[in-house]
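J.: Okay, here's the structure, questions in a sec.
Residue numbers (UniProt numbering): 1 to 233.
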């Protein structure tokens with residue numbers, strides 16, 4: 001039955017409008033959306049449909065259909081809705097989707113990363129940091145996607161104290177050799193004017209990318225230190 005449902009779902013996948021038919025007609029297959037959602041194909045379809053949303057009206061149509069099937073309460077679907085609303089700049093709607101998730105669904109880091117990314121992308125850095133603190137209070141640990149976002153928020157706010165806290169968290173959780181996390185930390189200290197700390201992290205990197213070098217050069221340039229910039233080559 002699930003295989004038949006998948007084929008039927010795929011046959012409708014060509015434009016945005018069929019998603020409305022999909023969710024309103026899925027009951028005819030005697031397959032509840034929660035059961036159907038266990039198939040990872042649904043995630044791919046929702047991704048594709050959300051990408052095809054060209055207007056906020058279409059985004060709300062998709063959300064409405066997910067509300068009818070309670071699909072908005074599934075963490076991976078909620079994360080897509082959050083990203084979709086963030087794309088249109090409607091952070092209040094994105095937050096409503098996040099806060100509608102049952103407590104038991106909040107252990108999915110995908111949800112936290114989606115709402116934190118939405119806030120950081122639109123400059124709501126303080127709100128992003130509060131979400132991070134809430135996540136930690138609930139006992140959830142960040143991953144290699146969460147920390148770079150939070151470090152970026154700290155850099156933008158210029159909060160030295162919070163920067164140190166997040167740096168400690170990164171070390172405690174074993175991210176000292178994670179390229180993207182360390183790159184963000186190097187850039188963070190550069191923006192804070194603490195080039196000694198930035199250079200120490202850079203020198204301790206076992207692997208560096210072109211981005212790592214660019215971040216260091218940018219840090220020296222930001223702090224008007226041309227000698228420091230030339231010294232790293």
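Think of the CB as a built atom: it goes at the ideal place given N, C-alpha and C, for glycine as much as any other residue.
1) Since residue 192 is in the alpha helix (DSSP H), which residue starts that stretch and which ends it?
2) Mapping DSSP to helix, strand and coil, what is residue 100?
3) Find the nearest neighbour of residue 93 within the set 109, 106, 114 and 104, judged by alpha-carbon distance.
4) Flag this pair as yes or no: are the beta carbons of residue 160 and residue 192 separated by less than 8 Å?
5) Alpha carbons only, please: which of 195, 202 and 149 is nearest the one belonging to residue 221?
6) Can you tell me whether residue 81 is helix, strand or coil according to DSSP?
7) Note down the Cα distance separating residue 137 from residue 187, rounded to an integer number of angstroms.
8) What is the DSSP secondary structure of residue 208, reduced to helix, strand or coil?
9) Any chance you could list the beta strand (DSSP E) runs of at least 3 consecutive residues sitting entirely within the stretch 151 to 176, in chain order?
10) If you count every other CB in all the chains shown that lies within 10 Å of the CB of residue 230, and 16 or more means buried, which is it?
11) Which stretch, first to last residue, makes up the alpha helix (DSSP H) that contains residue 114?
12) Which first and last residues belong to the alpha helix (DSSP H) in which residue 139 is found?
13) In whole angstroms, give me the CA-to-CA distance for residue 168 and residue 151.
14) Within this structure, are the beta carbons of residue 249 and residue 118 separated by less than 8 Å?
15) Could you check what DSSP says for residue 125 in three-state terms: helix, strand or coil?
16) Distance check for residue 116 and residue 133, CA to CA, integer angstroms please.
17) Could you spell out where the alpha helix (DSSP H) holding residue 227 opens and where it closes?
18) Within its chain, find whatever has a CB closer than 6 Å to the CB of residue 127; leave out the 5 residues flanking it on each side and keep chain order.
19) Would you mind sorting residue 213 into buried or exposed? The rule is 16 or more other CB atoms within 10 Å of its CB.
T.: Once the coordinates are examined:
1) In the chain shown, residue 192 corresponds to position 192, counting from 1. No alpha helix (DSSP H) contains residue 192, which DSSP labels as neither H nor E.
2) Against the chain shown, residue 100 aligns to sequence position 100. The answer is coil: DSSP assigns residue 100 none of H, G, I, E or B.
3) Taking the first residue of the chain shown as position 1, residue 93 is located at position 93. When each option's Cα is compared against that of residue 93, the closest is 114.
4) On the chain shown, residue 160 is found 160 positions in, with the first residue counted as 1. On the chain shown, residue 192 is found 192 positions in, with the first residue counted as 1. For residue 160 and residue 192, yes; Cβs fall inside 8 Å.
5) Taking the chain shown and counting its residues from 1, the one referred to as residue 221 is at position 221. Checking every option, the nearest Cα to that of residue 221 belongs to 195.
6) Taking the chain shown and counting its residues from 1, the one referred to as residue 81 is at position 81. Three-state result, residue 81: helix.
7) Position 137 of the chain shown, counted from the start, is the residue given in the question as residue 137. Position 187 of the chain shown, counted from the start, is the residue given in the question as residue 187. Whole-angstrom Cα-Cα distance: 27 Å.
8) Walking along the chain shown from the start, residue 208 turns up at place 208. Looking at residue 208 - three-state DSSP - the assignment turns out to be coil, as it is neither helix nor strand.
9) none
10) If you number the chain shown from 1, residue 230 lands on position 230. It is exposed - the Cβ of residue 230 has fewer than 16 other Cβ atoms within 10 Å.
11) Along the chain shown, one-based indexing puts residue 114 at 114. First-last of the alpha helix (DSSP H) with residue 114: 109 to 121.
12) Within the chain shown, residue 139 is the residue found at index 139, counting from 1. Note, residue 139: premise wrong, no alpha helix (DSSP H); not H, not E.
13) Against the chain shown, residue 168 aligns to sequence position 168. Against the chain shown, residue 151 aligns to sequence position 151. Near 12 Å, if we compare the C-alpha coordinates of residue 151 and residue 168.
14) Nothing about residue 249 can be read from this structure; the chain reaches only from 1 to 233.
15) One-based indexing of the chain shown puts residue 125 at position 125. Of the three classes helix, strand and coil, the one that applies to residue 125 here is helix, per DSSP.
16) Here the question's residue 133 lines up with position 133 in the chain shown. Here the question's residue 116 lines up with position 116 in the chain shown. So the two alpha carbons sit approximately 11 Å from each other.
17) Counted from its first residue, the chain shown places residue 227 at position 227. Counting along the chain, the alpha helix (DSSP H) containing residue 227 begins and ends at 226 to 231.
18) Start at 1 with the first residue of the chain shown, and residue 127 comes out as number 127. Counting only Cβ-Cβ distances below 6 Å, and skipping sequence neighbours, we find 119.
19) By one-based count along the chain shown, residue 213 stands at place 213. Residue 213 should be labelled exposed.
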